[in-house]
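Each remark here refers to the structure printed beneath this line.
Numbering (the UniProt record's numbering), first residue to last: 1 to 126.
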């Protein structure tokens with residue numbers, strides 16, 4: 001039998017949705033807030049510039065060449081896990097700076113999961 005938990009929102013006494021920490025009302029509000037943060041992040045000047053840089057055919061070729069030479073995820077490797085790299089990450093976020101974007105000494109190979117985690121941390125937690 002599943003144990004019911006109280007919503008973690010301050011002052012709320014409703015039961016949380018099973019498997020989550022908030023009731024339906026507070027979970028919906030949390031999702032709306034998260035959606036707004038994501039939308040705002042996509043409209044920043046750096047995000048617009050990044051889309052232009054990542055669409056460049058030269059980047060696509062450079063990315064593939066880098067992954068051929070660095071086929072394993074660096075972060076997973078530090079944990080002793082062998083995982084194929086799928087993404088080329090900019091160690092120091094370039095924020096639209098072309099020079100930093102093209103500096104291959106600032107690149108590392110990551111699996112998609114590690115890259116998504118790192119990017120979310122940078123975007124949402126500065």
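Heads up, the beta-carbon is just placed ideally off N, CA and C, and yes, glycines get one too.
Computed from a predicted model, the values in this text were never measured in an experiment.
Neighbourhood of residue i by C-beta, 8 angstroms cutoff - its chain only, sequence neighbours within 5 removed
i: residue 72; result: 82, 83, 84, 85 and 109
Reduced DSSP category for residue i - H, G, I as helix; E, B as strand; rest coil
i: residue 90; result: strand
i: residue 82; result: coil
i: residue 16; result: coil
i: residue 110; result: strand
i: residue 4; result: coil
Between the CA atoms of residue j and residue i - distance to the nearest angstrom
i: residue 40; j: residue 91; result: 23 angstroms
i: residue 65; j: residue 35; result: 34 angstroms
i: residue 125; j: residue 118; result: 10 angstroms
i: residue 51; j: residue 62; result: 16 angstroms
i: residue 70; j: residue 3; result: 46 angstroms
i: residue 9; j: residue 42; result: 28 angstroms
i: residue 29; j: residue 44; result: 23 angstroms
i: residue 21; j: residue 37; result: 20 angstroms
i: residue 104; j: residue 58; result: 13 angstroms
i: residue 99; j: residue 106; result: 10 angstroms
Neighbourhood of residue i by C-beta, 6 angstroms cutoff - its chain only, sequence neighbours within 5 removed
i: residue 205; result: Because residue 205 is not part of the residues shown, which for the chain are 1 to 126, the question remains open.
i: residue 14; result: 7 and 23
Within 7 angstroms, strictly: CB atoms of residue i and residue j
i: residue 89; j: residue 112; result: no
i: residue 101; j: residue 53; result: yes
i: residue 16; j: residue 33; result: no
i: residue 56; j: residue 114; result: no
Own chain, CB closer than 7 angstroms to residue i, minus 5 neighbours either side, in chain order
i: residue 93; result: 122
i: residue 12; result: 23 and 26
Contact with chain D by residue i, beta-carbon distance below 7 angstroms
i: residue 122; result: Annotation note: the requested chain D is absent from the structure, which comprises a single protein chain.
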